[in-house]
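For reference, each letter of the sequence shown is one residue, going 55 to 480 in the numbering used here.
All C-beta atoms, glycine included, are put in the ideal place defined by N, C-alpha and C.
Bear in mind that the values here come from a model prediction, so they are computed numbers and not experimental data.
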Amino acid sequence: MNKQTSKQSWVAGVLIISFGWFLLYATRTALSSALKDIGEYWSLSEGFLGFIASSFFFAYAVLQIPTGILADKFGARKMIMLGFAGQGAGLLLGVLSRSPYQFLLSRVLTGAGQAPYFAAQQAILFFMLPPERRARGIAITSVGAGLGSAAGFVLGKFLGNSALGWKMPFAVLAMLAAAFILVVLRGVPEPPLGGGGEPEIAAEAGDVTQARATEQRGQTGIAGILSQIGPRWKFLAFMAGCHFTTMYALNLILTWLPYYLEAVMGFEGELAAVIPVVMPLIMAPAAVVWGGAADKRQNKDLVLWICLPIAGVAVALLPVMGSAALFVLALAVYGMTGKLAFDPVLTAKVSENAPPSAHSSFLAAYNLAASLAMVIAPSATGLIAEKFGSFNISFYMAGGFHFLALLCLVLAERSVVKAERQQTDI
55 MNKQTSKQSW VAGVLIISFG WFLLYATRTA LSSALKDIGE YWSLSEGFLG
105 FIASSFFFAY AVLQIPTGIL ADKFGARKMI MLGFAGQGAG LLLGVLSRSP
155 YQFLLSRVLT GAGQAPYFAA QQAILFFMLP PERRARGIAI TSVGAGLGSA
205 AGFVLGKFLG NSALGWKMPF AVLAMLAAAF ILVVLRGVPE PPLGGGGEPE
255 IAAEAGDVTQ ARATEQRGQT GIAGILSQIG PRWKFLAFMA GCHFTTMYAL
305 NLILTWLPYY LEAVMGFEGE LAAVIPVVMP LIMAPAAVVW GGAADKRQNK
355 DLVLWICLPI AGVAVALLPV MGSAALFVLA LAVYGMTGKL AFDPVLTAKV
405 SENAPPSAHS SFLAAYNLAA SLAMVIAPSA TGLIAEKFGS FNISFYMAGG
455 FHFLALLCLV LAERSVVKAE RQQTDI
């Protein structure tokens with residue numbers, strides 16, 4: 055944390071970043087609620103609807119590392135503002151689209167606009183927040199993601215009854231994206247370039263580490279990034295695996311749950327939009343609770359070991375719940391222990407192991423794994439449903455992925471120990 059950053063300013067910054075996540079997730083789940091209406095509007099198959107959902111995340115994934123590098127080079131706040139300008143333009147194009155292919159292009163542009171946000175806002179949070187408040191601070195920003203998910207489900211269905219039909223939510227979100235750019239400009243600090251926000255790290259690292267950091271900063275491009283990551287590349291790879299496997303389940307639910315409830319379980323449109331709201335509304339306070347517990351006990355792994363298996367079982371049980379009440383119960387359990395609930399703890403763990411001089415690039419490489427899950431989950435689920443006539447396989451697979459995430463967590467922790475030994479021996 056920058057010693058010049060007051061508590062009042064970093065709290066305001068966290069709240070602004072949280073609202074950014076609100077807009078990002080509302081933009082994603084508004085599409086989920088509108089999928090059935092879009093399919094009927096243009097007579098589209100489940101496979102093509104899945105492709106529309108995945109096209110957004112394809113652009114998001116491809117641009118993760120490039121936008122992270124640009125954030126390190128030109129500034130995290132600038133990249134956030136540029137990204138929201140792209141998101142607003144994509145949403146506006148969606149409103150004006152007259153064919154499914156034009157709408158597909160609009161989703162690609164919207165996804166490209168969201169690409170810089172994760173790594174850039176993490177760099178800003180790392181700069182603003184004191185170390186003992188990082189997990190809780192990141193958790194507060196996740197509240198925005200949870201509330202945005204809920205709002206998107208509701209907006210996508212209820213604003214769909216307006217004169218613009220299913221396009222109305224995207225028009226509202228485009229205007230909010232434009233307004234958010236001005237809010238960021240006035241209320242969010244720009245971290246110093248090159249990891250200057252954590253000077254105490256360099257002071258504690260020792261002469262050898264300082265010399266190595268100086269040499270690494272002289273390198274550019276991919277070679278420079280890899281040299282800055284150093285022996286922690288295995289940690290990054292395993293944590294990326296954990297990120298992928300858990301994000302897969304979340305995006306399956308966020309993308310397909312309203313459609314699944316309406317088309318498979320036979321719920322009416324409004325009810326199918328309201329039931330999914332249970333999950334993100336519970337995830338929002340759960341994220342703060344888990345983040346606070348991790349900070350208080352200084353044990354992030356314990357939180358993850360509790361959440362991951364419970365969340366995996368809850369997802370796998372969703373298709374076998376025999377009534378609406380049991381389905382909501384399983385969804386609520388996933389809300390308490392699922393991706394958005396424990397993700398602040400997971401991200402804080404990765405952020406603390408990122409090299410200061412390439413912080414955004416390191417986080418962007420980590421988030422690339424989640425982006426790939428966002429690309430694969432919607433289209434894979436649609437294709438599996440078309441081929442086998444059932445969504446159940448996808449839910450079982452997503453639940454099992456949480457246990458793979460536990461394995462990745464164990465391997466990541468072992469790799470950190472080895473990396474620390476290597477640095478000690480040098």
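| task | Starting from the C-beta of Leu-460, find all residues in its chain whose C-beta is less than 6 Å away, skip the five residues before and the five after it, and write them out in chain order. | result | Leu-362
| Would the stretch 112–123 and the stretch 446–454 be scored as touching if the rule is three or more Cβ pairs under 8 Å? | no
| message | Let me confirm a value: Gly-320 is counted as buried when at least 16 other C-beta atoms fall within 10 Å, else exposed. Which label applies? | response | exposed
| Under a Cβ-count criterion, where at least 16 other Cβ atoms within 10 Å of its own Cβ denotes burial, should Val-208 be classed as buried or exposed? | buried
| Taking only runs of the alpha helix (DSSP H) that begin and end inside the stretch 88–138, which ones reach a length of at least 4 residues, in chain order? | 100–116, 118–128
| message | For Thr-164 and Phe-110, I'd like the C-alpha separation in whole angstroms. | response | 7 Å
| said: In chain order, what are the residue ranges of uninterrupted alpha helix (DSSP H) at least 4 long that sit wholly in the stretch 354–417? | reply: 354–371, 378–391, 393–406
| message | Let's test the definition: count the other Cβ atoms within 10 Å of the Cβ of Leu-147 and tell me whether it reaches 16, buried, or not, exposed. | response | buried
| Selected residue, minimal CA-CA separation from His-413, among Ala-174, Leu-98, Gly-167 | Ala-174
| field | Residue range of the unbroken alpha helix (DSSP H) whose run includes Arg-190 | value | 188–212
| task | For the alpha helix (DSSP H) containing Gly-443, list its first residue and its last residue. | result | Counting along the chain, Gly-443 falls outside any alpha helix (DSSP H), and DSSP gives it neither H nor E.
| message | Within 10 Å of its beta-carbon, does Lys-350 have 16 or more other beta-carbons around it, so buried, or fewer, so exposed? | response | exposed
| query | Are there 16 or more other CB atoms within 10 angstroms of the CB of Met-229, so buried, or fewer, so exposed? | reply | exposed
| task | Throw me the rounded Cβ distance for the Thr-195 and Ile-336 pair, which I believe falls under 8 Å. | result | Their Cβ separation, rounded to whole angstroms, is 17 Å, which puts Thr-195 and Ile-336 out of contact at 8 Å.
| field | Coarse secondary structure for Arg-351, derived from DSSP in three states | value | helix
| request: Take every Cβ of the stretch 137–145, pair it with every Cβ of the stretch 366–381, and state whether three or more of those distances are shorter than 8 Å. | output: no
| Per DSSP, what kind of secondary structure is Gly-320 in: helix, strand or coil? | coil
| field | Helix, strand or coil at Pro-330 according to DSSP, with G and I counted as helix | value | helix
| Are the beta-carbon atoms of Arg-188 and Ala-402 separated by less than 8 Å? | yes
| query | Would a C-beta distance cut-off of 8 Å place Ala-80 and Gly-206 closer than the cut-off? | reply | yes
| query | Does the stretch 81–92 touch the stretch 211–230, meaning 3 or more C-beta pairs lie closer than 8 Å? | reply | yes
| request: Determine the closest residue to Met-135 out of Ile-430, Gly-167, Leu-150, Ser-108, with distance taken between C-alpha atoms. | output: Gly-167
| message | If you follow the alpha helix (DSSP H) that Ala-242 is in, where does it begin and where does it stop? | response | The residue asked about is misnamed: residue 242 is Val in this sequence, not Ala. No alpha helix (DSSP H) holds Val-242; DSSP gives it neither H nor E.
| query | If you count every other CB in all the chains shown that lies within 10 Å of the CB of Gln-58, and 16 or more means buried, which is it? | reply | For Gln-58, the predicted model reports a pLDDT of 45, less than 50, meaning its position is unreliable and no value from the coordinates is stated.
| said: Would the stretch 377–395 count as touching the stretch 296–316 if we require 3 or more Cβ pairs under 8 Å? | reply: yes
| query | Ordered along the chain, which non-local residues of its own chain (more than five positions away) have a Cβ less than 6 Å from that of Gly-198? | reply | Ser-72, Phe-73, Trp-75, Phe-76
| For Ser-405 versus Leu-394, is the C-beta distance shorter than 8 Å? | no
| request: Measure the Cβ-Cβ separation of Trp-556 and Thr-435 and say whether it is below 8 Å. | output: The structure shown does not extend to residue 556, since the chain is modelled only from 55 to 480, so the question has no answer here.
| query | Skipping 5 residues on each side, what residues in its chain have a beta carbon closer than 6 Å to that of Ser-160? | reply | Gly-144, Leu-147, Gly-148, Ser-151
| For Gln-176, is the classification buried or exposed, using 16 other Cβ atoms within 10 angstroms of its Cβ as the cut-off for buried? | buried
| Hey, Gly-345 and Ala-193 are a contact pair by Cβ (cut 8 Å); roughly how many whole angstroms apart? | 3 Å
| Cβ-Cβ distance between Glu-467 and Ser-99 below 8 Å | no
| request: Give the single residue among Met-133, Leu-437, Pro-398 whose Cα lies nearest to the Cα of Glu-30. | output: With the chain running from 55 to 480 in the structure shown, residue 30 is simply not present.
| field | Short Cβ contact (8 Å threshold) for Ile-307 with Val-382 | value | no
| request: Compare the C-alpha of Cys-24 against each of Ala-408, Arg-190, Val-464 and name the closest. | output: Beyond the ends of the chain as shown, which are 55 and 480, falls residue 24; an answer cannot be given.
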